Amino acid sequence: MSKIYLCSFADMRLCLSALRFYRQAKVMQVFDHIFLYNETNLDKDFRDVMYSKIYINGGGGVTRGFGYWCWKPQVILQTLQQMNEGDVLFYIDIGCEFQIEGRERLQEMIEEVRENGIMGVQLAGDHSEKMWTKADIFQHFGVLNNKSYTDTKQIAATFIMLCKTQQTENIVQEWLDIFYHHFELVDDSPSLVPNDECFIENRHDQSIWSILNKKYNMINFDGIDFPNKSTNLAQHPIIATRNKVFLNDGILSNLCEQKYALKSITSLLHIFGRFHPLSVTRKAARALKALLLQL
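Counting with the numbering used here, you get residues 858 to 1152 for the letters of the sequence shown.
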């Protein structure tokens, strides 16, 4: 029987949100393995190459999306490498919420992913591609005048669901290669090719994922299946909220002044990205959570 995996990413400022996400995902009792990545357990070669894309002023700050979301295809690939052929992987943004009432619907979604191989989520509302993807990307993929790309709705990168096959790995690798070789397509630099008059902003990783989604004719869930709030809990196992709590430098400094908290934070680093955290590590994470809740 194939296994079900879940992965996400949260830099260390988001450790509270990562703990909340992990707890909610475990309660669903659907995922066999949960990978939570941060800046400490990304592949070293990837970190070395992307350092200047993630950090600014010699590490004094970070760019949008912690490197324009370059880590997203990377964490998906790192997780796929730990999986067997036919296993199912859900990538879900760390700000999303799980609803236990929708567990049965989540299992139905898993079966749909098995049938289709790889799936995304089409954005609801007025989100045509040309509004949210700069023209240089269309030009790069040879679809600048192809309305089946430019005039159709953008596909969200908030949720990505796939079975492990050589084809799906290749698609994710193609996505990652854009960050390695054509970073100007995903950052906020102006498009050299004139944008459509309705253009608002480039959506970085999402713009590339959306084009690849259309290139490979993927079947997608409708955006209404992943609302930003829910009135029908049984039909909505995952809510597209942005429930993110950032710890600022002051809070982190105060925590690190406490020996007990420092040990807990160190142990927490070892939780992210592991299949089976040791019991002592789990205990340390619970202690850290309790401490932070008192702030």
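Glycine residues also receive a C-beta, built at the ideal position from the N, C-alpha and C atoms.
Predicted model only: the values in this text are computed from it and were never measured.
Of the residues the options, the one placed nearest residue i, counting alpha carbons only
{"i": "Leu-937", "options": "Met-858, Ala-875, Val-887, Gln-1030", "result": "Gln-1030"}
{"i": "Leu-899", "options": "Gly-952, Ser-874, Pro-930, Gly-974", "result": "Pro-930"}
{"i": "Glu-958", "options": "Arg-877, Leu-1042, Gly-918, His-1093", "result": "His-1093"}
{"i": "Thr-990", "options": "Gly-982, Arg-962, Thr-1009, Asn-1077", "result": "Thr-1009"}
{"i": "Glu-1026", "options": "Glu-942, Thr-1098, Arg-962, Lys-910", "result": "Glu-942"}
{"i": "Lys-901", "options": "Trp-926, Gly-918, Val-932", "result": "Val-932"}
{"i": "Lys-1072", "options": "Asn-1052, Thr-1007, Val-919", "result": "Thr-1007"}
{"i": "Gln-1038", "options": "Val-906, Ser-1067, Gln-881", "result": "Before going on, a small fix: residue 1038 reads as His here, not Gln. Closest by alpha carbon: Val-906."}
{"i": "Cys-1020", "options": "Lys-883, Glu-1054, Leu-946", "result": "Leu-946"}
{"i": "Asp-1053", "options": "Ala-1091, Lys-1004, Glu-972, Gln-1023", "result": "Lys-1004"}
{"i": "Lys-860", "options": "Glu-968, Leu-934, Glu-896, Tyr-879", "result": "Glu-968"}
{"i": "Gly-1080", "options": "Leu-1042, Gly-917, Ala-1097, Asp-944", "result": "Ala-1097"}
{"i": "Gln-1024", "options": "Asn-1059, Pro-1047, Leu-934", "result": "Leu-934"}
{"i": "Arg-1060", "options": "Arg-971, Lys-1086, Tyr-925", "result": "Tyr-925"}
{"i": "Asp-1045", "options": "Ala-992, Lys-1086, Thr-1022", "result": "Ala-992"}
{"i": "Cys-864", "options": "Trp-928, Glu-972, Gly-917, Val-919", "result": "Trp-928"}
{"i": "Gly-982", "options": "Val-970, Leu-1104, Thr-920, Ala-1013", "result": "Ala-1013"}
{"i": "Val-970", "options": "His-984, Asn-1089, Thr-1022, Thr-897", "result": "Thr-1022"}
{"i": "Tyr-948", "options": "Ala-882, Gly-917, Ser-1048, Lys-1086", "result": "Ala-882"}
{"i": "Glu-896", "options": "Val-919, Asn-1002, His-984", "result": "Val-919"}
{"i": "Asp-889", "options": "Tyr-908, Asn-1089, Met-858, Gly-917", "result": "Met-858"}
{"i": "His-984", "options": "Glu-1058, Ser-1048, Met-966, Gln-996", "result": "Glu-1058"}
{"i": "Gln-996", "options": "Ser-1048, Glu-972, Met-966", "result": "Ser-1048"}
CB of residue i within 9 Å of CB of residue j, strictly
{"i": "Val-1102", "j": "Leu-871", "result": "yes"}
{"i": "Leu-1033", "j": "Gln-1011", "result": "no"}
{"i": "Val-955", "j": "Ile-1065", "result": "The sequence shown places Phe at residue 955, rather than the Val named in the question. Result no, Cβ atoms of Phe-955 and Ile-1065 do not sit closer than 9 Å."}
{"i": "Phe-1040", "j": "Lys-910", "result": "yes"}
{"i": "Phe-903", "j": "Asp-868", "result": "no"}
{"i": "Val-887", "j": "Leu-963", "result": "yes"}
{"i": "Asn-1100", "j": "Arg-877", "result": "yes"}
Endpoints, beta strand (DSSP E) assigned at residue i
{"i": "Met-976", "result": "975-979"}
{"i": "Asn-1077", "result": "1076-1079"}
{"i": "Ala-1013", "result": "1012-1020"}
{"i": "Tyr-948", "result": "945-949"}
{"i": "Leu-1042", "result": "Neither: Leu-1042 is in no beta strand (DSSP E) and is coded neither H nor E."}
{"i": "His-890", "result": "890-894"}
Anticipated Cβ contact below 8 Å, residue i with residue j, distance rounded
{"i": "Phe-1056", "j": "Lys-987", "result": "6 Å"}
{"i": "Asp-950", "j": "Thr-1015", "result": "5 Å"}
{"i": "Met-1075", "j": "Met-976", "result": "6 Å"}
{"i": "Phe-866", "j": "Tyr-894", "result": "5 Å"}
{"i": "Arg-960", "j": "Met-885", "result": "6 Å"}
{"i": "Ile-994", "j": "Ile-1068", "result": "6 Å"}
{"i": "Val-978", "j": "Asn-1077", "result": "6 Å"}
{"i": "Gly-974", "j": "Ser-874", "result": "So it is not a contact: roughly 30 Å between Cβ atoms."}
{"i": "Asp-944", "j": "Tyr-862", "result": "6 Å"}
First through last residue of the alpha helix (DSSP H) which encompasses residue i
{"i": "Val-932", "result": "928-937"}
{"i": "Cys-1055", "result": "Neither: Cys-1055 is in no alpha helix (DSSP H) and is coded neither H nor E."}
{"i": "Cys-864", "result": "Note, Cys-864: premise wrong, no alpha helix (DSSP H); beta strand (DSSP E) at 861-866."}
{"i": "Leu-1069", "result": "1062-1072"}
{"i": "Asp-993", "result": "992-997"}
{"i": "Lys-1004", "result": "1004-1007"}
{"i": "Ala-875", "result": "872-885"}
Beta-ladder partner(s) of residue i, from DSSP
{"i": "Tyr-912", "result": "Val-919"}
{"i": "Glu-954", "result": "Ile-1096"}
{"i": "Ser-985", "result": "Lys-1010"}
Any non-hydrogen atom of the ligand COA within 8 Å of residue i CB
{"i": "Leu-1069", "result": "The ligand COA is not part of this structure, which contains no ligands at all."}
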